[in-house]
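Heads up: the sequence shown runs through residues 10 to 467, numbered per full-length UniProt numbering.
Note that CB positions come from ideal geometry on N, CA and C, so glycine has one too.
Worksheet: one structure, shown below.
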Amino acid sequence: DASRTHATTSRGGFSSSLGVLAATLGSAVGLGNIWKFPSLTGANGGAGFLLIYLLSTLFIGLPLMVAEIAIGRQARANPISALRQLQPRGAPWWLIGVAGMAAAFLIMAFYSEVVAWVFAYVAKALSGNLLSSDPVQTQASFDALVRDPVQALLWQWVVLAFIGGILLLGVTRGIEAATKRLMPLLFLLLVLLGGYSLTLPGAGQALSFLFAPEWHKITPAVVLTAMGLAFFKLSIGMGTMMTYGSYFTAEQNIPATATRVMLADLSVSLLAGMAIFPAVFSFGFQPSAGPSLVFITIPAVFAQMPGGSVLLAAFFLLTAIAATGAMLSLMEVPVVILHERWGLSRPRATLLTLLILGLLGAGCALSQSTLATFQPGGRTLFDWADYLSSNLLLPAGGIAIALFVGWAWGERAFAAQLSNHGQLGNQGLARVVSLLLRWVTPVLILLVMLAGLGVFSG
Ligand code: PFF
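Given below as structure tokens:
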């Protein structure tokens, strides 16, 4: 098949082990760590939620990340071509790639809008007109941004153009080069902010808010939320890690890389929580969930600290950096599919992706203004995109990928990828991961999904 030859001859890839790590970690780390993780953990019972999140990460997330990367590296192609290449004759496993592309568009539609607010806030923080110790005031500035359709759309286009611009430079000179420079900066900013925050008097209260278990808050819906977060965090269930796996070097140790990425991503989430909540409690604020924590509470809290404007700019800059690596990986999925399967040049594939996103994204960008009253089934388009991707599409994709590797692909080829053709001696590990993917991962995901959607509670 012509597209396959094309795929294996002229594709780029990550050039070094460090590049692989930066790009892959760059995909995992994102708004999920800062915008979702701390507030979801805090609101859903602290340590109990964290435990379920960790279990989902270990038994579902990690095996799936390994599986996706292995598929990608074996096939060296986009998700649709990769599955076509590896599937048994005539089986329709390539549809996972199609669903993955749809999920990528759906996530980007709302994700790019939150990134838009973050970019707007970087600009505002630098110009110093964001700080106010009065939450009513910071709420008003946030509303002024999100309820203005022009600003909401313009900032979204700025984000899309920025990410598209990096992707135009290609995999090595775009994705790899950008994440290699940005990720260290992100860690530096985070450690500085977290360290500072932990010296504040509210640190103890913050830690108990994050880590004290409140078991009564754990319902089936909360378990589904925790599992959905694990999928979202690790960028799995939709072919992103397959795509990046196709750029991995042949020498890269896949299980070790996935484990490192998982641990580093978890550290970023915990550090983000420790940067945010001590400050919130120290200045007498209540932790709130979702966007208001980042965009309303944080500016009010930082206004009360010495050097607040610098801290605030640093905070939104680090959030923007995190979001950039995640957006790059999301957008790369349709770009490489359009490039390799439709034969569009990479620049054209990028432009077409941006065009589609401009249209889809507008539905989410305008969810708080022009389309605010359009709430089919009680959710805005923004909330639907968020809900459906994490709670339905990614888990369903995860089940399909686990079944593909566990039952259709064949353990020998999978083990060869995990052990770099025997060089790493990971045979026992491959066996364990295979067994998990066969019997444990898909069943767990299905049970959690059904319970979370209320199927067992009548
Ligand atoms: N992992 C990213 C985050 O936590 O913000 C979000 C994400 C990126 C989800 C890439 C899915 C994806 F393919």
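Neighbour-count burial assignment, residue i, 16 or more Cβ in a 10 Å radius
i	result
S354	exposed
S217	exposed
S255	buried
W418	buried
L197	exposed
G431	exposed
S443	buried
E185	buried
F465	exposed
T136	Note that residue 136 is Ser in the sequence shown, not Thr. S136 comes out exposed.
V159	exposed
W126	buried
V441	exposed
K242	buried
W448	exposed
W351	exposed
P223	The question names Pro, but residue 223 is Glu in the sequence shown. Answer is exposed; the Cβ neighbour count stays below 16.
G437	exposed
G99	exposed
Cα-Cα separation between residue i and residue j, rounded to whole angstroms
i	j	result
A86	Q261	17 angstroms
G51	L219	5 angstroms
L446	T33	21 angstroms
F58	P72	20 angstroms
T14	L320	No answer about T14 holds up, because its pLDDT of 41 lies below 50 and its placement is not dependable.
I346	P88	7 angstroms
L380	F151	17 angstroms
V342	P144	39 angstroms
Q96	N435	24 angstroms
D10	E349	Any reading at D10 must be qualified, since the residue scores a pLDDT of 43, below 50, and its modelled position is unreliable; the value itself is stated next. Whole-angstrom Cα-Cα distance: 11 angstroms.
D157	L456	42 angstroms
F257	S24	8 angstroms
M271	Q313	35 angstroms
F413	T252	16 angstroms
T266	V277	16 angstroms
W102	A358	24 angstroms
A227	L233	Per the sequence presented here, residue 227 reads as Ile, with Ala not at that position. Taking the straight line from one Cα to the other gives about 10 angstroms.
G316	N138	14 angstroms
W416	L104	16 angstroms
M250	L177	20 angstroms
L67	P47	19 angstroms
T333	A425	33 angstroms
A273	L327	15 angstroms
Close beta carbons around residue i, own chain, < 6 angstroms, minus the five adjacent residues each side
i	result
G246	F240, L403, G406, G407
I389	Correcting the residue type first, residue 389 is Thr in the shown sequence and not Ile. Contacts found: S376.
A212	P287
G391	In the sequence under discussion, the amino acid at residue 391 is Phe, which differs from the Gly named in the question. If we look at F391 and ignore the five residues flanking it on each side, its Cβ neighbours are F119, C373, S376.
A411	L446, T450, P451
G21	G179, V180, T181
A322	A134, L135
A409	I105
Sequence-distant residues of its chain with Cβ nearer than 7 angstroms to residue i (five each side left out)
i	result
Y62	A235, L238, A239
I69	M236, A239, G407, T450, L453, I454
L209	P287, A288, S291
K189	L27, G28, A31
I330	L191, L194, L195
S398	A112, L115, I116
L369	F114, A118
S305	The sequence given here places Ile at residue 305; Ser does not occur at that position. For I305, where only same-chain residues beyond five positions count, the Cβ hits under 7 angstroms are P144, T147, Q148, F151.
residue 474	Residue 474 lies beyond the residue range present for the chain, which begins at 10 and ends at 467; the question has no answer from this structure.
G109	P88, M247, G248, V342, G406
Same chain, Cβ closer than 8 angstroms to residue i, five either side skipped, listed in chain order
i	result
L401	M458
A259	R82, N429
A335	G35, S36, A37, V38, G39, L40, G41, Y120, S244
T18	Summary for T18: the model assigns pLDDT 49, below 50, so the residue's position carries little reliability, and this model does not support an answer.
G463	P229, A230
A371	L162, Q165
V344	L176, R355, A358, T359, T362
Residue-level contact to chain D via CB, residue i, 8 angstroms cutoff
i	result
R355	Absence of chain D from the displayed structure is noted, only one protein chain being present.
If you scan the stretch 214 to 260 from start to end, which runs of the alpha helix (DSSP H) of 4 or more residues do you find wholly inside it? 229 to 243, 249 to 254
At what residue ranges does the stretch 401 to 442 contain a whole run of the alpha helix (DSSP H), taking only runs of 4 or more? 403 to 412, 420 to 427
Kindly confirm or deny that the stretch 278 to 298 and the stretch 107 to 122 touch, where touching means at least three C-beta pairs closer than 8 angstroms. no
Check whether the stretch 67 to 77 and the stretch 306 to 315 are in contact - that is, three or more C-beta pairs closer than 8 angstroms. no
Taking the runs of the alpha helix (DSSP H) that are 4 residues or longer, which of them lie wholly in the stretch 19 to 51? 26 to 37
May I ask you to verify whether the stretch 376 to 389 touches the stretch 34 to 43, counting CB pairs closer than 8 angstroms and requiring at least 3? no
Should the stretch 189 to 208 be regarded as contacting the stretch 158 to 167, the criterion being three or more beta carbon pairs within less than 8 angstroms? No, the stretch 189 to 208 is not in contact with the stretch 158 to 167.
Which runs of the alpha helix (DSSP H), 4 residues or longer, sit entirely within the stretch 52 to 96? 56 to 65, 71 to 84, 88 to 95
Scan the stretch 123 to 190 and note each continuous alpha helix (DSSP H) run of 4 residues or more that stays entirely inside, going in chain order. 144 to 155, 158 to 177
Inspect the CB distances between the stretch 363 to 371 and the stretch 166 to 173 and report whether three or more fall short of 8 angstroms. In this structure the stretch 363 to 371 touches the stretch 166 to 173; the number of beta carbon pairs closer than 8 angstroms is three or more.
Going residue by residue through the stretch 334 to 405, where are the continuous alpha helix (DSSP H) segments of at least 4 residues, counting only ones entirely within it? 355 to 374, 390 to 397
Sequence ranges, alpha helix (DSSP H) only - wholly within the stretch 263 to 311, length at least 4: 263 to 291
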